[in-house]
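Colleague:
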Amino acid sequence: MEWFSGQLSHNYTRPDLISFNPELSKEISMEGFISVNGQISSPEDAQIPVLDRGFLFGDNIFEVFVAFGNTVLDLKPHLDRLRRSAEMHRIPIPWSDEELSFEIQSLIETTNHPKKYIRLVITRGEGIALYQPEEPSPNKVIFCLPARQESEEILSKGIKLKRRQANFVERGATAKTGNYIRSITALEQAKQEGFDDVLWTNGDQELTEATTSNIFLIGREGDLIEIATPPANSGLLLGITRSRIIDLLTNAKIPVTERVISTDEIARFDEGFLCSTVRGLVPIQQIDKHRLHSTRTNAVFKHIQRLFSTWVATEVGYRVNWNTGEKVEDI
């Protein structure tokens with residue numbers, strides 16, 4: 003592994019897992035790299051087979067990770083969810099967690115950016131027919147790129163959400179697959195109406211999730227505060243950051259409830275936030291015409307945000323600016 007200037011975090015090496023383009027040798031990239039079945043290239047040079055079923059049919063599962071410096075947050079929970087998604091859709095994963103972790107770590111240590119976006123995609127392999135091949139040969143693609151930054155306006159004022167009803171929602175926790183055409187179309191429509199994202203509901207008018215994020219809503223009744231998030235049975239992806247927030251609140255003895263939230267309850271909440279692996283925690287300013295006050299000085303959201311930031315600092319080893327990934331201070 004002469005290509006790396008520093009030591010990998012693992013105590014083993016697997017040169018058989020990855021192969022670098024000679025032209026990239028000894029180069030540290032600001033733009034990132036993409037590995038296709040272990041063949042690493044720059045983003046503009048990476049290629050997948052045109053008969054890949056993930057490309058043709060969306061026949062794939064994936065996970066998105068975030069890394070600060072060389073530390074990937076919640077690596078194991080993401081890999082565990084990847085395997086659950088694979089089991090739900092009967093997509094084989096012939097690589098061990100150790101092998102996948104090694105390749106991810108190898109990529110992040112060669113991308114010179116403080117905050118990295120990692121996307122691990124497993125497709126069922128190649129085939130032009132809709133039916134599954136008898137002996138699928140999965141393809142593996144790993145992206146390691148600079149993470150997109152949220153706009154400062156959204157971070158300071160909050161995000162605006164437009165409700166949309168999903169025509170078909172499966173009850174229970176869903177798998178993370180690569181078919182986002184419905185969300186892309188709805189998001190474009192929402193933006194044309196002056197909103198930033200979509201808040202999905204199911205056919206029973208229960209809130210589920212945003213296009214790529216989970217939602218928490220915060221309500222007050224006198225001195226009582228409720229922090230609520232929709233349950234799996236409403237039909238949503240159980241986000242890793244969502245689970246982390248629930249754990250942090252529970253460990254801090256702050257009550258949080260997973261419960262059905264109907265659309266007619268929205269008006270009783272005065273704060274809220276979205277959460278996802280790359281976005282972190284994003285305050286909500288508006289849902290349809292209902293205004294929330296998630297960024298006011300004494301907002302409960304800000305306390306939750308500090309709790310999450312402290313956990314991130316403990317994991318990374320220093321406090322970070324979540325949006326840029328830059329180091330703020332040692333801990």
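Position one of the sequence shown corresponds to residue 3 (the working numbering), numbered consecutively onward. We put the beta carbon where it would ideally sit given N, CA and C, even for glycine. Being a predicted model, the structure only gives us computed values, none of them experimental.
#1: Jot down the residue ranges of each uninterrupted alpha helix (DSSP H) in the region 238-301, minimum 4 residues, whole runs only, in chain order.
#2: Might you give, ordered along the chain, the residues of its own chain that have their beta carbon closer than 6 Å to the beta carbon of residue 192, omitting 5 neighbours on each side?
#3: Between the alpha carbons of residue 46 and residue 35, how many angstroms are there, rounded?
#4: Which of helix, strand or coil does DSSP assign to residue 202?
#5: Is residue 75 closer than 8 Å to residue 328 when the C-beta atoms are compared?
#6: Ends of the alpha helix (DSSP H) at residue 56?
#7: Here's the rule: buried if 16 or more other CB atoms are within 10 angstroms of the residue's CB, otherwise exposed. What is residue 2?
#8: In its own chain, which residues sit with a C-beta less than 7 Å from the C-beta of residue 269, not counting the 5 before and 5 after it?
#9: Label residue 115 either buried or exposed according to how many other C-beta atoms from any shown protein chain fall within 10 Å of its C-beta, with 16 as the threshold for buried.
#10: With DSSP run on the structure shown, which of helix, strand or coil describes residue 213?
#11: So, does the region 108-126 touch the region 318-327, judging by three or more C-beta pairs under 8 Å?
#12: For residue 282, which option in 204, 188 and 156 has the closest C-alpha, if you only look at C-alpha atoms?
#13: Could you compute how far the alpha carbon of residue 43 sits from the alpha carbon of residue 109?
#14: In angstroms with no decimal places, state the Cα-to-Cα distance between residue 274 and residue 305.
#15: Buried or exposed: where does residue 119 fall if 16 or more other Cβ atoms within 10 Å of its Cβ makes it buried?
#16: Going by the beta-carbon positions, is the gap between residue 127 and residue 287 smaller than 8 Å?
#17: Do residue 319 and residue 237 count as a contact pair if the criterion is CB distance below 8 Å?
#18: Of the residues 204, 285 and 106, which one's Cα is nearest the Cα of residue 154?
#19: Whether or not the region 170-188 and the region 58-72 are in contact is what I'm after, with contact meaning three or more pairs of Cβ atoms, one per stretch, closer than 8 Å; do they touch?
#20: Threshold first: 3 residues or longer. Then list the beta strand (DSSP E) segments lying entirely within the region 55-116, N to C.
#21: Kindly indicate which residue of 138, 143 and 205 has the alpha-carbon position closest to the one of residue 169.
#22: Let's see if you can read the secondary structure: which residues bound the alpha helix (DSSP H) around residue 366?
#23: Go to residue 130, then tell me how far its beta strand (DSSP E) extends in each direction, as first and last residue.
#24: Applying the criterion that 16 or more other CB atoms from any shown protein chain within 10 Å of the CB defines a buried residue, is residue 308 buried or exposed?
#25: Would you mind working out which of 68, 56 and 176 sits nearest residue 134, comparing C-alpha positions?
#26: Considering just the uninterrupted stretch of the beta strand (DSSP E) at residue 43, what are its terminal residues?
#27: Would you give the residue range spanned by the alpha helix (DSSP H) that residue 188 belongs to?
#28: Closer than 7 Å by C-beta to residue 197: which residues in its own chain qualify, once you throw out the five before and the five after it? Chain order, please.
#29: What are the boundary residues of the beta strand (DSSP E) that includes residue 164?
#30: Going by beta carbon distance, what residues of the same chain come within less than 8 Å of residue 167, once the five residues before and after it are set aside?
#31: Report yes or no: do the region 234-250 and the region 293-304 share at least 3 C-beta pairs separated by less than 8 Å?
#32: Taking all protein chains shown into account, decide if residue 54 is buried (16 or more other Cβ within 10 angstroms of its Cβ) or exposed.
Modeller: The structure says:
#1: The alpha helix (DSSP H) runs lying completely inside the region 238-301 and spanning 4 residues or more are 242-253, given in chain order.
#2: Residue mapping note: residue 192 aligns to position 190 of the sequence shown, counting from 1. Apart from sequence neighbours up to five positions away, the residues of its chain that approach residue 192 with a beta-carbon distance below 6 Å are 164 and 200, ordered along the chain.
#3: Counting from one through the sequence shown, the residue named residue 46 turns up at place 44. Counting from one through the sequence shown, the residue named residue 35 turns up at place 33. Between the C-alpha atoms of residue 46 and residue 35 there is a straight-line separation of about 9 Å.
#4: Locating residue 202 in the sequence shown gives position 200, counting from the first residue. Strand.
#5: As a first step, residue 328 is located in the sequence shown; it is residue number 326 there, counting from the start. As a first step, residue 75 is located in the sequence shown; it is residue number 73 there, counting from the start. Cβ atoms of residue 328 and residue 75: not closer than 8 Å.
#6: Walking along the sequence shown from the start, residue 56 turns up at place 54. Here the alpha helix (DSSP H) through residue 56 covers 55-59.
#7: A query on residue 2 cannot be resolved here, the shown segment of the chain reaching from 3 to 333 and no further.
#8: As a first step, residue 269 is located in the sequence shown; it is residue number 267 there, counting from the start. The beta carbon of residue 269 lies closer than 7 Å to those of 292 in the same chain, with the five residues before and after it left out.
#9: If you number the sequence shown from 1, residue 115 lands on position 113. Burial call: buried.
#10: Indexing the sequence shown from 1 puts residue 213 at position 211. Residue state, collapsed to three classes: coil.
#11: By the Cβ test, the region 108-126 is in contact with the region 318-327, since at least three Cβ pairs between them sit closer than 8 Å.
#12: In the sequence shown, counting from the first residue as 1, residue 282 sits at position 280. It is 156 whose Cα lies nearest to the Cα of residue 282.
#13: If you number the sequence shown from 1, residue 43 lands on position 41. If you number the sequence shown from 1, residue 109 lands on position 107. Residue 43 and residue 109 have their alpha carbons spaced roughly 11 Å apart.
#14: Here residue 274 is taken as the residue at index 272 of the sequence shown, counted from 1. Here residue 305 is taken as the residue at index 303 of the sequence shown, counted from 1. When the Cα atoms are used, residue 274 and residue 305 turn out to be separated by approximately 12 Å.
#15: The residue you call residue 119 lines up with position 117 of the sequence shown. With 16 or more Cβ atoms within 10 Å of its Cβ, residue 119 is classed as buried.
#16: As a first step, residue 127 must be located in the sequence shown, where it is residue number 125. As a first step, residue 287 must be located in the sequence shown, where it is residue number 285. Going by C-beta atoms, residue 127 is not nearer than 8 Å to residue 287.
#17: In the sequence shown, the residue the question calls residue 237 occupies position 235. In the sequence shown, the residue the question calls residue 319 occupies position 317. Cβ distance not < 8 Å, so residue 237 and residue 319 don't count as in contact.
#18: To locate residue 154, count along the sequence shown from 1; it is residue 152. For the residues 204, 285 and 106, the minimum Cα distance to residue 154 belongs to 285.
#19: As far as the Cβ criterion goes, the region 58-72 touches the region 170-188, which means the pair count is three or higher.
#20: The qualifying runs are 62-70.
#21: Taking the sequence shown and counting its residues from 1, one reaches residue 169 at position 167. Of 138, 143 and 205, the residue nearest in Cα terms is 205.
#22: An answer regarding residue 366 cannot be provided, because it is not within the stretch 3 to 333 covered by the chain.
#23: For the purposes of this step, residue 130 is taken as the residue at position 128 of the sequence shown. No beta strand (DSSP E) contains residue 130, which DSSP labels as neither H nor E.
#24: For this step, residue 308 is matched to residue 306 along the sequence shown. Burial call: exposed.
#25: By 1-based counting over the sequence shown, the position of residue 134 is 132. For the set 68, 56 and 176, the Cα lying nearest the Cα of residue 134 is the one of 56.
#26: Working through the sequence shown from its first residue, we reach residue 43 at position 41. Residue 43 -> beta strand (DSSP E) spans 41-43.
#27: What you label residue 188 is simply residue 186 of the sequence shown in a count that begins at 1. According to the DSSP assignment, residue 188 belongs to the alpha helix (DSSP H) that extends over 183-194.
#28: Position 195 of the sequence shown, counted from the first residue, corresponds to residue 197. Within the same chain, residue 197 has close Cβ partners 162, 163 and 164.
#29: Residue numbering aside, residue 164 sits at position 162 when the sequence shown is read from its first letter. That run of the beta strand (DSSP E) goes 161-167.
#30: As a position in the sequence shown, residue 167 is number 165, starting the count at 1. Same-chain partners within the cutoff: 202, 203, 204, 205 and 207.
#31: Segments in contact, no.
#32: Here residue 54 refers to the residue found at position 52 of the sequence shown. By the beta-carbon neighbour count (other beta carbons within 10 angstroms, threshold 16), residue 54 is buried.
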